[in-house]
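Notes follow the structure.
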Amino acid sequence: MALLEINRLTVDFDGPRGIRAVDHVELSVERQSCVAIVGESGSGKSQLLLACTGLLAANGRASGSVCFDGMELLGAGDPAAQIRGSGIGFVFQDASGSLTPHRRIGDQLAEAGGATMADAERMLERVRLPDARRHLAEYPHELSGGMRQRVAIAAALMPQPQLLFADEPTTALDVTVQAEIIALLADLCRELGMAMLLVTHDLGVVSSLAERIAVMYAGRIVESDEAARFLAGPGHPYSAGLLAAVPRLDDPPGSELRTIAGTPPRPGMILPGCRFEPRCAHAQARCRGEDPPFVRHGAAGVACHFPLKQGER
Amino acid sequence: MSALLDLRNVTVTYALNHGPRRRELTAVDDVSFTLESGEMLGLVGESGCGKSTLGRAILRLVPLAAGEVHWQGRRIDQLGRKEFRDLRRGLQLVFQDPHACLDPRMTIIESVAEPLRSFEPGLSRSQRAARATALLDEVGLASELSDRYPHQASGGQLQRAVIARALIVDPRLVVCDEPVSALDVSVQGQIVNLLARIRRERGLASLFISHNLAVVAGLCERVMVMYLGRIVEIAPRAVLVPAPLHPYTRMLLDAVPRIAPIARRRSAAVPPAEVQGSAGAGCAFAARCPHVIAHCHTQRPPLQPMRGRRLVACHRAAEWPAGLPPAAG
Numbered sequence: 046m047a048l049l050e051i052n053r054l055t056v057d058f059d060g061p062r063g064i065r066a067v068d069h070v071e072l073s074v075e076r077q078s079c080v081a082i083v084g085e086s087g088s089g090k091s092q093l094l095l096a097c098t099g100l101l102a103a104n105g106r107a108s109g110s111v112c113f114d115g116m117e118l119l120g121a122g123d124p125a126a127q128i129r130g131s132g133i134g135f136v137f138q139d140a141s142g143s144l145t146p147h148r149r150i151g152d153q154l155a156e157a158g159g160a161t162m163a164d165a166e167r168m169l170e171r172v173r174l175p176d177a178r179r180h181l182a183e184y185p186h187e188l189s190g191g192m193r194q195r196v197a198i199a200a201a202l203m204p205q206p207q208l209l210f211a212d213e214p215t216t217a218l219d220v221t222v223q224a225e226i227i228a229l230l231a232d233l234c235r236e237l238g239m240a241m242l243l244v245t246h247d248l249g250v251v252s253s254l255a256e257r258i259a260v261m262y263a264g265r266i267v268e269s270d271e272a273a274r275f276l277a278g279p280g281h282p283y284s285a286g287l288l289a290a291v292p293r294l295d296d297p298p299g300s301e302l303r304t305i306a307g308t309p310p311r312p313g314m315i316l317p318g319c320r321f322e323p324r325c326a327h328a329q330a331r332c333r334g335e336d337p338p339f340v341r342h343g344a345a346g347v348a349c350h351f352p353l354k355q356g357e358r
Numbered sequence: 508m509s510a511l512l513d514l515r516n517v518t519v520t521y522a523l524n525h526g527p528r529r530r531e532l533t534a535v536d537d538v539s540f541t542l543e544s545g546e547m548l549g550l551v552g553e554s555g556c557g558k559s560t561l562g563r564a565i566l567r568l569v570p571l572a573a574g575e576v577h578w579q580g581r582r583i584d585q586l587g588r589k590e591f592r593d594l595r596r597g598l599q600l601v602f603q604d605p606h607a608c609l610d611p612r613m614t615i616i617e618s619v620a621e622p623l624r625s626f627e628p629g630l631s632r633s634q635r636a637a638r639a640t641a642l643l644d645e646v647g648l649a650s651e652l653s654d655r656y657p658h659q660a661s662g663g664q665l666q667r668a669v670i671a672r673a674l675i676v677d678p679r680l681v682v683c684d685e686p687v688s689a690l691d692v693s694v695q696g697q698i699v700n701l702l703a704r705i706r707r708e709r710g711l712a713s714l715f716i717s718h719n720l721a722v723v724a725g726l727c728e729r730v731m732v733m734y735l736g737r738i739v740e741i742a743p744r745a746v747l748v749p750a751p752l753h754p755y756t757r758m759l760l761d762a763v764p765r766i767a768p769i770a771r772r773r774s775a776a777v778p779p780a781e782v783q784g785s786a787g788a789g790c791a792f793a794a795r796c797p798h799v800i801a802h803c804h805t806q807r808p809p810l811q812p813m814r815g816r817r818l819v820a821c822h823r824a825a826e827w828p829a830g831l832p833p834a835a836g
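In structure tokens form, the structure reads like this:
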């Protein structure tokens, strides 16, 4: 059985116009594996992580099922509270937001049950923070962005979680620092036997970390596959467009970047047919009227009436 | 013929604190370069390297501590307010966050037409609107959006409006400061392609500032690399990408993510980046450089011409004439 199994997870937000941020998502994360969810802003990828750990905003409601290590996390009385931190750790985009500004780094790290200052120092060394002992007595503002993200990762790892949720962990960092943090996360997962569910908009980050990739669009998972096969040629036109839109150094100079026409739908806007249809170059009449179901073929799955075949990708 | 824009030894400092123990941060440190008419010049570097400050210094949005800015052969950094204002329409700026650039209480078309009120006061309201409509069409913004307010449009649509507003006064140079960084991946390419097309059609010069070397390399013929306030390498894209001469350029190139399944990345072999103040007496990059020698800590390397129309500030650049190879994977 997978470490994390998400079934028909739906997240609704109440308001003058109710918004469905996540719509019947199915996803599983095996032990010691890294799964990446790729999507643009507003696709619902962050809300998916928050819903799993019971951290939705007050007007948000999650339904469906999220099963972590055999335990149901959705339901009355916040059952996810038992596994937050100790079972599932969280690393966010903005490291300074997850550290308390007026407490020393050592004190914050040793907060986890029974941890000592020596444990905190070992963890800082583990996340390759140079001069770990000196930093124990410092405050978060005394560190650079990359170092703060290392400390935030250390803080998430202190209770030894089995699964790490990483929400855009490198987006706020400089490019050369990004590469360092990606390498660090990959090493830590291997060393600690930890699984990771990574959320990002950056396919470059994904390709160097994930074994599985799931693409999210307008609240739905539109494609999911093993990373190698996905990167060689995805089946959903949106995935193919995203992959083609990444600027590459070996593009000939002056060549037009490949783009996806139009813009993502506003959150909560529901179309009768396929959500990607207005932007899709391959759309046909059927796509407008009929929402394509998520169809599995072995390890892969795609929600498209006319998935791209190998030659067209 | 003189260059369109010519910066000579430009230095910009910020006061870190005031009073008797006044300290200064040198954000831009002795920077010189030229930009030809119609050229698209890329400027890359990480946050805090001074690239935005340099862009602002050109438009006199921050004062110079030293150096000169020449525009079409004329020195402009010492001009009076009024004289500079007359030139200012030739120099426009596009920022990263389009939401912050547009007045939330003005419709998109009003914002786009706004610069005409000060630069062409003779135009009537309807003439201004006609010019704005033509430009919104040129940047590909649907006409039904023109009467909307900024909160009713997406980031990509707003960035088109910001570009239209910069173009409405028919500038010769547009400084683009991270114009696509705040946008969604699928929309970034649309804006990059738009900028490339406008520049081609209008023969517009541009300084394109970005942290993303892959975007800059695709768009610009010449690329400048900046580190801690200093230019470390200026080279045509065609030689910079395959054969960088400065170790920092190499590091930036290595950091561009490649789309390949589980490409094993080298674990941080270089010391992690740290926020530093101004560089000391030696090379700004010495603390992170894998090729550092004792000399680098004490002697500041000058920006020197090398083969292939390039300038490099590295003591050891002559040792690798064929360029630095990628770090072992």
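Sequences listed follow chains A and B, in order.
Under my numbering, the residues of the first sequence are numbered 46 to 358, in order.
Under my numbering, the residues of the second sequence are numbered 508 to 836, in order.
Don't be surprised by glycine CBs; every beta carbon is placed ideally from N, CA and C.
Quick one: what's residue i bridged to in DSSP?
{"i": "Leu548 of chain B", "result": "B:Leu714 and B:Arg729"}
{"i": "Glu740 of chain B", "result": "B:Val732 and B:Val819"}
{"i": "Pro812 of chain B", "result": "B:Leu818"}
{"i": "Asn516 of chain B", "result": "The partner list for Asn516 of chain B (beta bridge, DSSP) is empty, contrary to what the question assumes."}
{"i": "Leu174 of chain A", "result": "None, per the DSSP bridge assignment."}
{"i": "Thr245 of chain A", "result": "A:Val83"}
{"i": "Asp57 of chain A", "result": "A:Arg65 and A:Arg106"}
{"i": "Phe339 of chain A", "result": "Note: Phe339 of chain A sits in no beta bridge, so no partner."}
{"i": "Leu72 of chain A", "result": "A:Ile51"}
Between residue i and the rest of its own chain, which residues show a CB-CB distance below 8 Å, the 5 nearest in sequence each way excluded?
{"i": "Glu256 of chain A", "result": "Ser78, Cys79, Val80, Glu271 and Ala272"}
{"i": "Ile315 of chain A", "result": "Arg65"}
{"i": "Gln783 of chain B", "result": "Confidence at Gln783 of chain B is low in this model, with a pLDDT of 48, below 50, so its placement is unreliable and the value that follows should be read with caution. Taken in chain order, the residues that qualify are Leu735 and Ala794."}
{"i": "Val340 of chain A", "result": "Gly346, Val347 and Ala348"}
{"i": "Ser785 of chain B", "result": "The predicted model places Ser785 of chain B with a pLDDT of 47, which falls under 50 and marks its position as unreliable, so this point remains unresolved."}
{"i": "Val520 of chain B", "result": "Strictly speaking, residue 520 of chain B in this sequence is Thr, with Val absent from that position. Excluding positions up to five away in sequence, the list reads Glu531, Leu532, Thr533, Ala534 and Ala572."}
{"i": "Gly191 of chain A", "result": "Leu218, Asp219, Val222, Glu225 and Ile226"}
{"i": "Ala306 of chain A", "result": "Arg324 and Ala326"}
Using a Cβ-Cβ cutoff of less than 6 Å, which residues in the same chain neighbour residue i once the five nearest sequence positions on both sides are dropped?
{"i": "Ala344 of chain A", "result": "Glu271"}
{"i": "Ala841 of chain B", "result": "Residue numbering for chain B in the displayed model covers 508 to 836; residue 841 of chain B lies beyond these limits and cannot be assessed."}
{"i": "Ile198 of chain A", "result": "Val136 and Val172"}
{"i": "Arg265 of chain A", "result": "Asp68"}
{"i": "Arg53 of chain A", "result": "His69 and Gly109"}
{"i": "Ala776 of chain B", "result": "Confidence in Ala776 of chain B is poor, its pLDDT being 43 and thus under 50, which makes the residue's placement too unreliable to answer from."}
{"i": "Cys112 of chain A", "result": "Glu50"}
{"i": "Gly555 of chain B", "result": "none"}
With a CB to CB cut of under 7 Å and the five nearest residues on each side skipped, what residues in its chain are close to residue i?
{"i": "Ala201 of chain A", "result": "Gly134, Phe135, Val136 and Leu209"}
{"i": "Glu166 of chain A", "result": "Ala177, Arg178 and Leu181"}
{"i": "Arg807 of chain B", "result": "Ala788, Gly789 and Cys790"}
{"i": "Gly249 of chain A", "result": "Val291"}
{"i": "Ala829 of chain B", "result": "Ala750"}
{"i": "Ala703 of chain B", "result": "Leu726"}
{"i": "Val74 of chain A", "result": "Ala47, Leu48, Leu49, Val80, Leu208, Ala240 and Leu242"}
{"i": "Arg333 of chain A", "result": "Gly318 and Glu322"}
{"i": "Thr215 of chain A", "result": "Gln223, Ile226, Ile227 and Val250"}
From this set, the options, which residue's C-alpha is nearest residue i's C-alpha?
{"i": "Leu735 of chain B", "options": "B:His798, B:Thr560, B:His658 and B:Leu568", "result": "B:Thr560"}
{"i": "Gly286 of chain A", "options": "A:Leu302, A:Leu100, A:Glu75 and A:Gly109", "result": "A:Leu302"}
{"i": "Met758 of chain B", "options": "B:Ala788, B:Thr805 and B:Arg795", "result": "B:Arg795"}
{"i": "Ser108 of chain A", "options": "A:Gly115, A:Asp114 and A:Thr98", "result": "A:Thr98"}
{"i": "Val56 of chain A", "options": "A:Leu49, A:Ile82 and A:Leu101", "result": "A:Leu101"}
{"i": "Asp684 of chain B", "options": "B:Asp593, B:Gln579, B:Leu600 and B:Pro812", "result": "B:Leu600"}
{"i": "Arg195 of chain A", "options": "A:Gln205, A:Leu174, A:Pro204 and A:Met203", "result": "A:Leu174"}
{"i": "Val763 of chain B", "options": "A:Gly334, A:Glu322 and A:Glu225", "result": "A:Glu225"}
{"i": "Arg596 of chain B", "options": "B:Arg612, B:Ser688, B:Leu609 and B:Arg567", "result": "B:Arg567"}
{"i": "Ala95 of chain A", "options": "A:Arg76, A:Gly130, A:Asp152 and A:Asp114", "result": "Note on identity: in this sequence residue 95 of chain A is Leu, with Ala being the wrong assignment. Closest option to Leu95 of chain A, Cα to Cα, is A:Gly130."}
{"i": "Tyr184 of chain A", "options": "A:Thr308, A:Gln153, A:Met116 and A:Val260", "result": "A:Gln153"}
{"i": "Val17 of chain A", "options": "A:Thr245, A:Pro298, A:Leu276 and A:Gly159", "result": "Coverage of chain A is limited to positions 46 through 358, which leaves residue 17 of chain A absent and any answer about it impossible."}
{"i": "Glu546 of chain B", "options": "B:Gly710, B:Val569, B:Ala689 and B:Arg528", "result": "B:Gly710"}
{"i": "Lys558 of chain B", "options": "B:Arg515, B:His718, B:Ala724 and B:Met813", "result": "B:His718"}
{"i": "Ala155 of chain A", "options": "A:Pro204, A:Leu188, A:Arg235 and A:Gly122", "result": "A:Pro204"}
Can you find a C-beta in chain E that's less than 8 Å from the C-beta of residue i?
{"i": "Ala762 of chain B", "result": "Absent here is chain E; the protein component of the structure consists of chains A and B."}
Original post:
Are at least three pairs of beta-carbons, each pair with one atom in the segment 811-819 of chain B and one in the segment 737-754 of chain B, less than 8 Å apart?
Top reply: yes
Subject >> Three CB pairs or more closer than 8 Å across the segment 649-659 of chain B and the segment 670-688 of chain B >> reply: no
Subject >> Ranges of the beta strand (DSSP E) found wholly within the segment 595-649 of chain B, counting only runs of at least 3 >> reply: 598-601
**OP:** Could I get the ranges of all uninterrupted beta strand (DSSP E) runs contained in the segment 542-589 of chain B, with 3 residues as the minimum, in chain order?
**Re:** 547-551 and 573-578
Original post:
Which ranges would you report for the alpha helix (DSSP H) in the segment 180-221 of chain A if only whole runs of at least 4 residues count?
Top reply: 190-202
Original post:
Is the segment 691-698 of chain B touching the segment 661-668 of chain B in the sense that three or more CB pairs, one from each, lie closer than 8 Å?
Top reply: yes
Original post:
Quick check: the segment 631-638 of chain B against the segment 582-599 of chain B, are there 3 or more CB pairs under 8 Å?
Top reply: no
Original post:
Going along the chain, which unbroken runs of the beta strand (DSSP E) with 3 or more residues stay wholly within the segment 639-702 of chain B?
Top reply: 680-684
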